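Student: For the sequence shown, my numbering begins at 9 and goes up steadily by one. Mind looking over this structure? Questions follow.
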Amino acid sequence: MWLHATCTQSPSISLNFFWKDLKDDVYSAGKDIYGNRDIRAYENSRKMVERIKHMFEDDNIPEDVKNFYLRRLAEEVKAL
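If you want it as structure tokens, here you go:
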């Protein structure tokens with residue numbers, strides 16, 4: 009039994025409703041029994057963020073230069 013990290017005081021019943029309001033091809037592929045799969049664009053973007061992170065792990069780039077360019081990228085994303 010999954011208690012949601014709470015102490016039970018008396019028996020109770022809970023209902024959870026899951027729905028999708030976008031077309032199926034917008035969501036990431038795969039099994040989604042709980043209806044909380046992220047959209048494909050977000051999951052692909054997260055992979056790109058990981059690639060960007062690795063690009064800036066180069067020890068030859070000074071820390072202040074890394075920070076400047078990462079902040080610049082963050083501002084570009086915010087402007088979308």
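Ideal Cβ placement from N, Cα and C applies to all residues, glycine included. None of the values given here were measured: they were computed from a predicted structure.
Which word fits TYR35, buried or exposed, when buried means at least 16 other C-beta atoms lie within 10 angstroms of its C-beta?
Tutor: Locating residue 35 in the sequence shown gives position 27, where the first residue counts as 1. Buried.
Student: Alpha helix (DSSP H) containing ARG45: first to last residue?
Tutor: The sequence position of residue 45 within the sequence shown is 37, counting from 1. Taken as a continuous stretch (DSSP letters only), ARG45 belongs to no alpha helix (DSSP H), as it is neither H nor E.
Student: Just to check my reading of the structure: TYR42 and PHE25 have Cβ atoms closer than 8 Å, yes? What is that Cβ distance to the nearest angstrom?
Tutor: Locating residue 42 in the sequence shown gives position 34, counting from the first residue. Locating residue 25 in the sequence shown gives position 17, counting from the first residue. So it is not a contact: roughly 11 Å between Cβ atoms.
Student: Would you kindly work out how many angstroms separate the C-alpha atoms of LYS86 and VAL57, rounded to a whole number?
Tutor: Walking along the sequence shown from the start, residue 86 turns up at place 78. Walking along the sequence shown from the start, residue 57 turns up at place 49. If you take the alpha carbons of LYS86 and VAL57, they lie about 14 Å apart.
Student: So who's on the other strand from TYR35, going by DSSP bridges?
Tutor: Residue numbering aside, residue 35 sits at position 27 when the sequence shown is read from its first letter. Bridge partners of TYR35: ILE47.
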